[in-house]
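As numbered in the working numbering, residues 361 to 556 make up the sequence shown, in order. The C-beta atom is built at its ideal place from N, Cα and C for all residues, glycine as well. Just so you know, these numbers come straight off a predicted model, no measurement behind them. Working notes, structure below.
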Amino acid sequence: MAKKFIAKYSRWLHIYLSMISFIIVLFFSITGLTLNHADFFQKNTSITQHKGTLEPNWVNATDTLKIKKLEIVEHFRNNYKVKGAVADFSIYDSEISATFKAPGYAADVFINRSDASYSLMETNQGLMGFFNDLHKGRDTGKAWLWVIDISAILMTIISLSGLILLLYIKKKRLAGIVLLFTGLVIIYVIYHFWGQ
């Protein structure tokens with residue numbers, strides 16, 4: 361009775377979780393390949409530079425608490441459509457630097473505090489850079505990190521339920537276990553002899 365129950369629900373879990381997470385598995389498989397060959401896709405990287413001047417009173421206050429951080433950030437968002445989260449905002453004696461980051465995108469701002477002149481450099485890695493950063497969870501925010509965690513849990517359950525199903529099919533059990541360990545040995549050999 362317990363065997364039938366386990367076999368029935370393993371099949372149910374395997375089929376339906378496979379369908380629910382099909383796009384996720386496909387996404388992580390494809391982006392795994394593109395990450396492994398990132399140099400092929402770096403041709404799509406574009407760098408844009410801008411120069412300009414801010415309001416001097418935003419940046420030249422001697423009390424660094426009076427530096428207009430929000431106004432500075434919003435200036436670049438409104439005038440240059442800079443996107444992503446502010447990853448860094450640093451104030452030095454003669455300069456202010458700010459970095460914006462999003463998947464496949466970065467913007468670096470350097471502001472001269474004495475004359476309020478600035479230079480902005482945007483780096484856009486294109487669609488593949490965007491997808492590769494999603495794969496890594498880099499600069500994606502907490503919601504996407506949850507997607508990655510849930511995906512990992514789903515893939516683990518799918519793998520284990522598939523293994524359980526294999527163990528309940530007498531005609532395929534031995535061949536399946538042999539293939540399982542063969543795959544493990546192949547991965548170990550490849551890593552051990554060529555992965556270093």
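Out of curiosity, what's the CA-to-CA distance linking I452 and S479?
-> Note on identity: in this sequence residue 452 is Tyr, with Ile being the wrong assignment. Whole-angstrom Cα-Cα distance: 16 Å.
According to DSSP, residues forming a beta bridge with Y465 | A462 and N484
Which runs of the alpha helix (DSSP H), 4 residues or longer, sit entirely within the segment 362–388?
-> 362–380
Cα-Cα, which of K363, A362, K496 and R371 is closest to L520?
-> R371
In the DSSP assignment, what residue or residues form a beta bridge with D448?
-> T459
Secondary structure at S519, three-state DSSP: helix, strand or coil?
-> helix
Check T413 in the structure and name its three-state DSSP category.
-> strand
Pair every Cβ in the segment 473–490 with every Cβ in the segment 409–419, then say whether three or more of these pairs are closer than 8 Å.
-> yes
Could you say which of I517, L425 and K530 lies nearest to V385 if we only look at CA atoms?
-> I517
Express the C-alpha separation of A512 and I546 in angstroms, rounding to a whole number.
-> 23 Å
Pick from H397, G464 and K496: whose alpha carbon is nearest that of E482?
-> G464
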